[in-house]
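Read through the structure below, which is laid out as structure tokens, and then see the notes.
In my numbering, the protein residues as written are 4 to 280.
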């Protein structure tokens, strides 16, 4: 380390919060997570389904530069509702954000979050990365969506993000088809067809629970497996740690736990979330 470099603290990655603000406050009060030089990474789905989406979003935003948050599918759904391109669902619980006096500020902050973070020898996305992509390519493709969401006229971009087709990547894809594959892989993918790698969005259960479907991270031909991918989105998979892929969605919103993992040694801290049911 040179004299001009500043020592960097630990990074703790936190799984899907989904509006469980109380559990998040309790987790962040842990001495190892409250050190001022500690970075806190959030693996997407900051809001929705839990009891206090407004409190969760305000809390994460208040962390300033200590926090690095990415967009999950529920966060994108909130943006789509605000943009008027999707109706609220019956199970949505982010109405408190829509009615808050600081709603515009919170939404503006949220739409400026990335879809992918690559640092400290790790990659963080909400759902997964297609094996056909190098990490450089995945980062660039995520940037295409980020640029669209950060424009002053960001509302129309949300219209192109919804739909399940195409189910596979092709370098020739352009326009809405291209945007859908990028967003679906990064924020919705869990399993793919073993025979040809097509994404499947119907199955949400435990791995290997449906013949012919395999977790995305077990598809052959992954381009950059040496950089582990940290993700959430898959509560049925739960805490899952392997050399090349780490899942941190431990079902806080379903009354299980909110999980934080320290990147350098995979130490785990969990907060019980029974009150979030």
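For glycine and all other residues, C-beta sits at the position ideal for the given N, C-alpha and C.
Spatial distance of residue 25 from residue 15 (CA atoms):
18 angstroms
Residue from 254, 140, 231, 266 with nearest C-alpha to residue 22
254
Tell me whether the beta-carbon of residue 73 lies closer than 9 angstroms to the beta-carbon of residue 116.
yes
Option nearest residue 216 by Cα separation, candidates 230, 232, 196, 226:
196
Go ahead and label residue 2 buried or exposed: buried means 16 or more other beta carbons lie within 10 angstroms of its beta carbon, across all protein chains shown.
Shown here, the chain extends from 4 to 280; a query on residue 2 therefore has no answer.
Since I believe residue 121 is in contact with residue 140 (beta carbons under 8 angstroms), could you give me their beta-carbon distance rounded to a whole number of angstroms?
The Cβ separation is near 12 angstroms, so there is no contact.
Anyone know if the C-beta pair for residue 186 and residue 170 falls short of 9 angstroms?
no
Skipping 5 residues on each side, what residues in its chain have a beta carbon closer than 6 angstroms to that of residue 272?
33, 263
Between the region 154-162 and the region 216-227, do at least 3 Cβ pairs fall closer than 8 angstroms?
no
Select from 153, 103, 88 the residue whose C-alpha is nearest the C-alpha of residue 113.
153
What do you get for residue 40, buried or exposed, if any count of 16 or more other CB atoms within 10 angstroms of its CB means buried?
exposed
Option nearest residue 60 by Cα separation, candidates 67, 68, 50, 69:
50
Assuming the contact rule is C-beta atoms closer than 8 angstroms, residue 96 and residue 58 should be a hit. Round their C-beta distance to whole Å, please.
About 12 angstroms separates the two Cβ atoms, so there is no contact after all.
In chain order, what are the residue ranges of uninterrupted beta strand (DSSP E) at least 3 long that sit wholly in the region 89-132?
120-122, 125-127
For residue 233, which residues of its own chain have a beta-carbon under 6 angstroms away from its beta-carbon, when the five flanking residues on both sides are left out?
16, 125, 127, 249
Which same chain residues, not among the five before or five after residue 134, have their C-beta less than 6 angstroms away from its C-beta?
222, 224, 225
What are the partner residues of residue 17, as DSSP defines its beta bridges?
45, 263
Residue 92 and residue 190 closer than 9 angstroms at C-beta:
no
Is residue 179 helix, strand or coil when you go by DSSP?
helix
Proximity winner among 276, 251, 275, 199, relative to residue 47 (alpha-carbon distances):
251
Coil, strand or helix - residue 227 by DSSP
coil
Start and end of the alpha helix (DSSP H) containing residue 268?
Counting along the chain, residue 268 falls outside any alpha helix (DSSP H), and DSSP gives it neither H nor E.
May I ask which residues mark the beginning and end of the beta strand (DSSP E) holding residue 242?
Here residue 242 belongs to no beta strand (DSSP E), and DSSP marks it neither H nor E.
What is the rounded straight-line gap between the Cα of residue 227 and the Cα of residue 123?
15 angstroms
Tell me whether residue 214 sits in a helix, a strand or coil according to DSSP, three-state version.
coil
Determine the contact status of residue 56 and residue 81, defining contact as a CB-CB distance below 9 angstroms.
yes
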